[in-house]
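Asker:
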Amino acid sequence: MYKLYGWKLTGSLATEAALNEVGAEFEIVPINIKEGEQHTEEYRLVNPTGQVPSLELPDGTVMTEGAAILQHIADSHPESHLAPLPGSSERAQHDRWLFFFAVNVYEGELRKLNPQDYVSSEDCAKAVKAVADDYVEKHYRIFEDALGEGPYMFGKTFTVLDIYVWMLAQWMPPEWLAQECPKINRLMESAKIRPKIAPVQEWHFG
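With the sequence shown counted from 1, adding 1 to any position gets you this note's numbering.
(1) Counting pairs of Cβ atoms below 8 angstroms between the segment 185-205 and the segment 9-21, do you hit three or more?
(2) Please determine, among C182, Y3, Y165, H205, the residue with the shortest C-alpha to C-alpha distance to G67.
(3) Quick check for students: name the residue ranges of the beta strand (DSSP E) that lie wholly in the segment 89-158, counting only runs of 3 or more.
(4) Which residues in the same chain have their Cβ closer than 8 angstroms to the Cβ of V53, if we skip the five residues on either side of it in sequence?
(5) Mapping the DSSP letters down to three states, classify V53 as helix, strand or coil.
(6) Measuring CA to CA, which of V23, D60, D163, M64 is closest to S191?
(7) Could you give the DSSP three-state label for G7: helix, strand or coil?
(8) Counting along the chain, where does the alpha helix (DSSP H) carrying P183 start and finish?
(9) Look at the alpha carbon of A126 and the alpha carbon of E203, and state the distance between them as a whole number of angstroms.
(10) Is it buried or exposed, F159, if we count other Cβ atoms within 10 angstroms and call 16 or more buried?
(11) On the criterion of 16 or more Cβ atoms from any shown chain inside 10 Å, does M2 qualify as buried, or is it exposed?
(12) From Y119 to V132, what does the alpha carbon distance come to, in whole angstroms?
(13) Please confirm whether R92 and L86 have their CB atoms less than 8 angstroms apart.
(14) Nearest to V137 by alpha carbon, out of S121, E108, G149?
(15) Is L71 near M64, with beta carbons less than 8 angstroms apart?
(16) Tell me the DSSP secondary structure of I29 in three-state form.
(17) In whole angstroms, give me the CA-to-CA distance for T62 and P79.
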């Protein structure tokens with residue numbers, strides 16, 4: 002059984018969705034980030050960075066870093082087809098875009114949400130947020146141009162990349178996403194109604 006450390010509306014929801022998709026048994030250990038539980042000594046033993054998600058694997062070892070966790074879940078459950086075959090051209094593109102979102106979009110969202118963590122003054126924090134807004138939007142447009150007929154990155158084949166995009170896209174202003182990135186918006190809306198994603202969608206986003 003897996004053990005997922007996370008909190009509502011955080012990056013752990015993508016891991017939760019992926020575990021649902023593969024039909025894995027797991028329990029959720031709530032880490033209330035609003036109360037600072039991610040900084041407790043107990044949780045630091047699980048994840049020294051004090052971030053969520055963290056995933057304890059069935060063998061008792063722990064993984065961190067959301068994109069890496071998603072990739073591991075897909076590879077550990079090949080019957081789910083949540084990632085292209087290793088070594089294939091499709092897998093190369095899948096990994097490219099998965100880590101594109103992890104390194105650029107997710108990190109940019111952190112700067113938008115917590116600009117004070119990157120600078121020492123409030124005035125600078127406002128500038129960090131403004132730059133991060135433009136940075137994130139630019140990278141959404143890059144991915145928008147890469148999408149085809151859809152509804153997902155690989156047509157009708159649903160992967161953990163789509164799960165990651167489904168989560169992150171809902172952190173964007175809905176009107177902006179629909180107008181500026183209609184193909185990403187379509188991907189997100191298609192993922193929302195998948196039978197194993199819908200309960201996660203309802204719990205986190207209502």
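C-beta atoms are modelled at their ideal positions from N, C-alpha and C, and glycine is treated no differently.
Answerer: In brief:
(1) yes
(2) Y165
(3) none
(4) Y6, G7, W8, T11, G12, S13, I32, I34, Q39
(5) coil
(6) D163
(7) strand
(8) 183-193
(9) 33 angstroms
(10) buried
(11) exposed
(12) 12 angstroms
(13) yes
(14) E108
(15) no
(16) strand
(17) 20 angstroms
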